[in-house]
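Final position of the sequence shown in this note's numbering is 1224; the numbers increase by one with none missing.
We put the CB at the ideal spot given by N, CA and C, even for glycine.
Working notes, beginning with the structure itself.
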Amino acid sequence: MVVVSKEQQLASSDIALASLTNIIGPFHATRILAVFTTISSLGNIIGMTFTASKVKQEIAKEGVIPFAKFFGENRTLFGRWRTKDESKRPEPTPLGALFLHWLFAVILILFTWRAKPASAYRILANVNVCLTDVIPSFIMAIGLLYLRFFTEWSSSSFMPSWLSILAALVYALANGFPSVAVWIPLTDTSTDVYDLIPGLPWHMTGTLSWTLLACGVLYWTCFRYVLPYLGPRKGKEFLVEREPVFRMQDGGRVQWHEIVLHSWVVKSEPEKQDWYVMHDI
């Protein structure tokens, strides 16, 4: 209220731009806000790309997705031009997982290619918020409440139970509200959501987000409960063995690489069959 008046907040949908306009004037406000937005977006893209690729790599190491060896290994793209100086050698990166992340990003972009660029960006941004922030946070909060009320973990925790319960409850309500509100239809006098994504149904964000989530859950369910009963895997269970390898560096143990073994084994026999080794170097 000190920088942006109540009237300006009600009349404008961009409070940040209104704030800069009041401070430095309309001529420089738009340009400065564009620069700040670009820098922030670039940092967010870099951070989320690294995080998402590492998550996909760990999923591949668990053998959940096909071609797990390709998606789970770290690779050096320009390995043939390695230098003799070890300090200048490039570090291996999750190349396969980065490719998988890029592929799904392109698929989502192609899904919205008929929409205007501004509308497509808003759709994908809203879906990203739902799938990476709102829904996982709500599920995590419910999980924390479950630990406190229905397991023995609460008795072994050093934190007061009422404090963690209160924090989890507030967290669940804060993330559960948008999960429910996205399915509440608009009134005839409301134009906020129509202005946000013009020309598209008000339930587009919720439908697309929950559809993608349902596809992921269905895939995992088929892998976990249906695949072991089909073809040559019938009567077998999927076994994942992970062995980290450490080396001493600067007086401490640092994980150097990881050996991952995947195998389908007969439930009554402990020996492994049809295994392959995945080196995370």
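Residue j beta carbon less than 7 Å from that of residue i
i	j	result
H1205	G1006	yes
Q1284	A972	Only positions 944 to 1224 of the chain appear in this structure, which leaves residue 1284 out of reach.
W1207	F1181	yes
L960	L976	yes
V1177	V1209	Just to set this straight, residue 1177 is Lys in the shown sequence, not Val. Going by C-beta atoms, K1177 is not nearer than 7 Å to V1209.
F1081	N1118	yes
V1077	P1121	yes
Cross-strand partners of residue i (DSSP beta bridge)
i	result
W1207	F1181
M1147	Paired residue(s): none; M1147 is not in a bridge.
G1195	Q1192
S974	In the sequence under discussion, the amino acid at residue 974 is Arg, which differs from the Ser named in the question. Paired residue(s): none; R974 is not in a bridge.
R1018	T1036
Top-ranked residue by Cα proximity to residue i, from the options
i	options	result
W1126	A1157, E950, W1163, M1147	M1147
F1013	V1203, K1210, A959	V1203
T964	F979, L1170, V947, R1032	V947
L1038	V1169, I1050, G1015, V1209	G1015
T1164	S955, I1008, V1197	I1008
R1065	S955, W1145, R1196, V1197	W1145
Y1114	A1011, L1151, P1079	P1079
N1048	S1122, I958, M991, A1003	Sequence inspection shows Ala at residue 1048; the Asn mentioned does not correspond to that position. Of the listed residues, the one whose Cα sits closest to A1048 is M991.
L1051	A1157, T1075, I1002, L1067	L1067
K1004	T980, I988, E1186, R1196	E1186
S1062	G968, G1174, L1143, L1156	L1143
V1123	D1193, W1153, A1110	W1153
G1149	Y1089, I966, P1128, A1011	P1128
A1011	V1183, P1171, V1197	V1183
L1109	R974, Y1089, T1036	Y1089
T1075	T980, Q951, L1155	L1155
Segment contact, 8 Å Cβ cut-off, at least three pairs: the segment 982-993 with the segment 1001-1020: no
Any 3 or more C-beta pairs closer than 8 Å across the segment 988-1008 and the segment 1043-1050: yes
contact_flag[the segment 1050-1058, the segment 1079-1091] where n(CB pairs < 8 Å) is 3 or more: no
Stretch-stretch touch, CB-based, cutoff 8 Å, three pairs: the segment 1102-1113 with the segment 1066-1076: no
Segments of 4+ residues assigned as alpha helix (DSSP H) that fall wholly inside the segment 1037-1110: 1038-1054, 1060-1072, 1078-1093, 1096-1099
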